[in-house]
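First up is the structure itself, then whatever we jot down about it.
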Amino acid sequence: MLGTEYDDFFRAVSEDAAVKAAFLSPRVSEKEFFEGFSKIREKIPFCDNGYIIDCDLPGKNPMHHAGAFYVQDPSAMATVHAAPVKSGAKILDVCAAPGGKSVQLSFKAGDGGLLISNEVDKKRVRALLSNVERMGLKNTIVTSLETDKLGKMYRGYFDVVLVDAPCSGEGMFRKYDVALGDWSEKKVVSCAALQRKILSDVCETVANDGLLIYSTCTFSEEENENCVKDFLSSHPDFSPVEVNRALLPYTHDGNGGMSFCRRFYPHIYPGEGQFFCAVSYTHLTLPTKA
Ligand code: SAM
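Using the working numbering, read the sequence shown as starting at 20 and increasing by one per residue.
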């Protein structure tokens, strides 16, 4: 896929997971963050409240316990900046634990908005709950439902639906040894099938003119561009949305000329692998027979 860039990519993924990064709660000013947490290296250019930090154990900082910041990889931060999420929006995060993207979405929705943060795995939902509490999210309800139930319960309700899908985790190999140990071609195939099912289960929850954001932390085309292509061809009411332009210099176009899909690579910007895109829903009125 990468052609002449492959050597740079291989060098980057052979290094230790390079960066630690965090985004700020709106309850904390940049000044307070600088004063209470002195190890900031740089601002993340595509994320208005994100920073690369120099700190081995940011989770031990009292400001972390107080919910002043959330530790998250820059590539994961990019996903929720892919498309505009308005204040006051009604949002569904379908695969939410441990909760980094939910926390960001809750901040974007603000006090007048609503976030349903859903995680099907009963063990992982505990970590999600604890992060929702720690970050003080008042506009958020945590649920633990299968995706087919979500589809039936919330038909046409949400302005924004995020599917940060379970995937084969190829973008996480250098960060988590377990991701490498778990990988197999069979896993790619089974994840690709599950991703298609999740998208088709929850797409009906998107309101007219609403957005569906899809992301994975893997590189395989089958789980990324091909999944999106299959979804669009079987759901003609959805169409691609151009990505936030601030992300363009830090991501590659999706394969096969799908430039509304973005690929985040560790040799382009510090962080792990990620894929994301947004599509919008417009109810099509079928022509009536003459
Ligand atoms: N969005 C999360 C965040 O930012 O912290 C990370 C989500 S992780 C990539 C994918 C999640 O999908 C996992 O928490 C996993 O438990 C969940 N999942 C696994 N199987 C699922 C299924 N069949 N339906 C819905 N979610 C599933």
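Note that CB positions come from ideal geometry on N, CA and C, so glycine has one too.
Terminal residues of the alpha helix (DSSP H) in which residue i lies
{"i": "Cys-296", "result": "Looking at the DSSP string, Cys-296 is not in any alpha helix (DSSP H); the run it does join, the beta strand (DSSP E), is 293-300."}
{"i": "Ala-95", "result": "93-98"}
{"i": "Phe-126", "result": "119-128"}
{"i": "Asp-201", "result": "196-201"}
Any non-hydrogen atom of the ligand SAM closer than 7 Å to residue i Cβ
{"i": "Glu-189", "result": "no"}
{"i": "Leu-213", "result": "yes"}
{"i": "Glu-138", "result": "yes"}
{"i": "Gly-119", "result": "yes"}
{"i": "Thr-166", "result": "yes"}
{"i": "Ala-108", "result": "no"}
{"i": "Cys-236", "result": "yes"}
{"i": "Cys-66", "result": "no"}
{"i": "Arg-8", "result": "In the structure displayed, the chain extends from 20 to 309; residue 8 sits before or after that span and is not available."}
{"i": "Asp-183", "result": "yes"}
{"i": "Ile-135", "result": "no"}
{"i": "Ala-97", "result": "no"}
{"i": "Cys-246", "result": "no"}
{"i": "Ile-310", "result": "What the structure shows of the chain is the stretch from 20 to 309, and residue 310 is not part of that stretch, so it cannot be assessed."}
{"i": "Ala-116", "result": "yes"}
{"i": "Val-113", "result": "yes"}
Beta bridge counterpart(s) of residue i as assigned by DSSP
{"i": "Asn-137", "result": "Thr-162"}
{"i": "His-84", "result": "In the DSSP output, where bridge partners are listed per residue, His-84 has none listed."}
{"i": "Asp-189", "result": "In the sequence as presented, Asp is not what sits at residue 189; that position holds Glu. Its beta-bridge partners do not exist; DSSP assigns none."}
{"i": "Gly-69", "result": "Phe-42"}
{"i": "Ile-232", "result": "Leu-181, Ala-297"}
{"i": "Asp-272", "result": "Arg-281"}
{"i": "Lys-62", "result": "Tyr-70"}
Limits of the beta strand (DSSP E) - the one that residue i falls within
{"i": "Lys-205", "result": "Taken as a continuous stretch (DSSP letters only), Lys-205 belongs to no beta strand (DSSP E), being part of the alpha helix (DSSP H) at 204-221."}
{"i": "Ser-258", "result": "257-259"}
{"i": "Tyr-310", "result": "A query on residue 310 cannot be resolved here, the shown segment of the chain reaching from 20 to 309 and no further."}
{"i": "Phe-283", "result": "281-283"}
{"i": "Leu-111", "result": "109-112"}
C-beta neighbour in chain C for residue i, strict 8 Å
{"i": "Pro-268", "result": "Of the chains in the structure shown, none is chain C; there is only one protein chain."}
> Quick one: any contact between the region 231-241 and the region 179-191, if contact means 3 or more CB pairs under 8 Å?
Replying inline: yes
>> Whether or not the region 211-221 and the region 182-196 are in contact is what I'm after, with contact meaning three or more pairs of Cβ atoms, one per stretch, closer than 8 Å; do they touch?
In response: yes
>> Pairs of beta-carbons, one from the region 33-48 and one from the region 67-87, closer than 8 Å: are there three or more?
In response: yes
> On the three-pair Cβ rule with 8 Å, is the region 138-150 touching the region 112-130?
Replying inline: yes
> Quick one: any contact between the region 90-100 and the region 266-275, if contact means 3 or more CB pairs under 8 Å?
Replying inline: yes
> Touch check for the region 157-167 and the region 123-139: three-plus C-beta pairs under 8 Å?
Replying inline: yes
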